[in-house]
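The opening residue of the sequence shown carries number 3 in my numbering; numbering runs sequentially from there. C-beta atoms are modelled at their ideal positions from N, C-alpha and C, and glycine is treated no differently.
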Amino acid sequence: MLHFNFHNSTKIFFGEGQIAAIANNIPQDAKVLVTYGGGSIKQNGVYDQVCAALANHSWTEFAGIEPNPQYDTLMKAVEQVKAQGITYILAVGGGSVVDGTKFIAAAAHYEGGDPWDILAARGKVKSAVPMSCVLTLPATGSESNIGAVISRGTTKLDFLSPHVRPLFAVLDPKVTLTLSERQVANGVVDAFVHVMEQYLTYPVNAKVQDRFSEGLLLNLIEEGPKALATPGDLEVRANIMWSATMALNGLIGVGVPQDWTTHMIGHELTGHYGIDHARTLSIVLPAVMKVQREQKRAKLLQYAARVWDLHEGDEDAMIDLAIAKTEAFFSQMGVPVRLSEVDLDQAAAEVIVDSLVAHGMTTLGEQRDITPEVSRQILQTAL
Ligand code: NZQ
Ligand code: ZN
């Protein structure tokens, strides 16, 4: 196992009715900004619950953070934070609202020039407005991690800073019942791929991380289809919600090599063609498994045995079957597994390779061996 430091300070309030906990966990004297997206929270009662919990606080709001949050939108919120002397931000929504709010919180304190540099030039975030969140879509893990992904035009980049880790996160599975089938599926698949990015590399004898990862994968394979078949089942939603948080809260990623190739290529596909984040991952991951099969061989065999219960026969056949089963799971969740399913072809693959180069993504993967040529191969395999 590799050396690591582990610290996750986000306090989790899990379960039905927990939005009320906001009242006692945001300082009474704070000037609060509530941020949210396109209005789903007004239709499903979440907004009303937040208003009730903030009845004794001084607060204003910023609405309209879009999926794959855009820099220009977020900068308007930064102006509001500065103009109103906001001292605390509460994000209410999915990963986009939480990520967007992380950027707002960091940009409002940023003194290094244009806050876009936080992403484009890896500008150091030295402090941020304290923030917390009410999560309405289990998927990204953003509710208790230090990452955020922000878009500007067709460019989609991420940044990491411990200053933007939410102080607390409310996870009420009941609020996820209003998600569309598409968003439920996206969330399950995103969480699944987060685990794979941290698990499917090479063995370092990290048994806790491996077994936790395999447990999360098994849960998602088991509960994901149930969430589509019986959408009103709150127990299923609860298990998916906690799985998604655990998939990217840092725990399974400590002390192990990590890949993230699928995500980096996926972000380009979203940036250029507007494909939902999870749907880029379901297309790219199987191709990464195929192209990197020798580098990932030992872990692919472990994955085949422990996640898909494949123990017999030729090793290569077991790997093939494990990849096929992964694709079948994605298809069962209703997400695409080929570029052709989202009407993209070879020309798009070239656009993505050029964009990866432009963004410096030229040595991806746990071995840093995914050059633009290998990325091209991955995209061609995904056609
Ligand atoms: O905007 P509203 O009206 O709220 O509607 C949203 C949005 O249209 C809707 N929604 C959310 N909760 C709902 C709901 N509709 C009904 N009922 C509810 N309870 O769902 C739509 C999609 O929301 P979004 O926040 O965009 O989805 P998700 O949570 O999948 O977030 C995706 C973003 O997170 C980034 C992605 O790149 C993408 O930009 N990621 C962030 C990560 C991180 N911070 O660690 C890691 C991930 O890999 C990912 O890259
Ligand atoms: Zn993701």
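Following the DSSP letters along the chain, one finds Leu-173 in no alpha helix (DSSP H) but inside the beta strand (DSSP E) bounded by residues 170–173.
The ligand NZQ approaches Asn-46 closely enough that one of its heavy atoms is under 7 Å from the residue's Cβ. The DSSP-derived three-state label of Ala-54 is helix.
Nearest Cα to Ala-23 within the set Val-136, Ser-129, Ala-130 and Ala-79: Val-136.
Inside the segment 205–238, DSSP marks whole alpha helix (DSSP H) runs of 4 or more residues at positions 209–231, from first to last along the chain.
Between Ala-107 and Ala-130, the beta carbon gap of about 4 Å places them in contact (Cβ cut-off 8 Å). Three or more Cβ pairs closer than 8 Å define a contact, and the segment 271–286 meets that threshold against the segment 337–346. Listed in chain order, the alpha helix (DSSP H) elements of length 4 or more contained wholly in the segment 19–105 are 24–27, 42–45, 48–55 and 73–86. Taken through DSSP and simplified to helix, strand or coil, Met-243 comes out as helix. For Met-133, the enclosing beta strand (DSSP E) starts and ends at 133–137.
Secondary structure at Leu-179: helix, using DSSP grouped into helix, strand and coil.
8 Å or more divides the Cβ of Asp-116 from the Cβ of Leu-202. Cβ atoms of Ser-42 and Thr-180 come within 8 Å of each other, at about 7 Å. Under the DSSP definition of a beta bridge, Val-151 partners with Asp-160. Remark: the shortest separation between the CB of His-5 and any heavy atom of the ligand ZN does not fall under 7 Å. Here DSSP, grouped into helix, strand and coil, assigns Lys-13 to strand. Take the alpha-carbon of Arg-299 and the one of Glu-329: they are about 18 Å apart. Contact annotation, Leu-139 with Gly-96: C-beta distance approximately 3 Å; criterion of less than 8 Å satisfied.
Bridge pairing for Ile-267: absent [DSSP].
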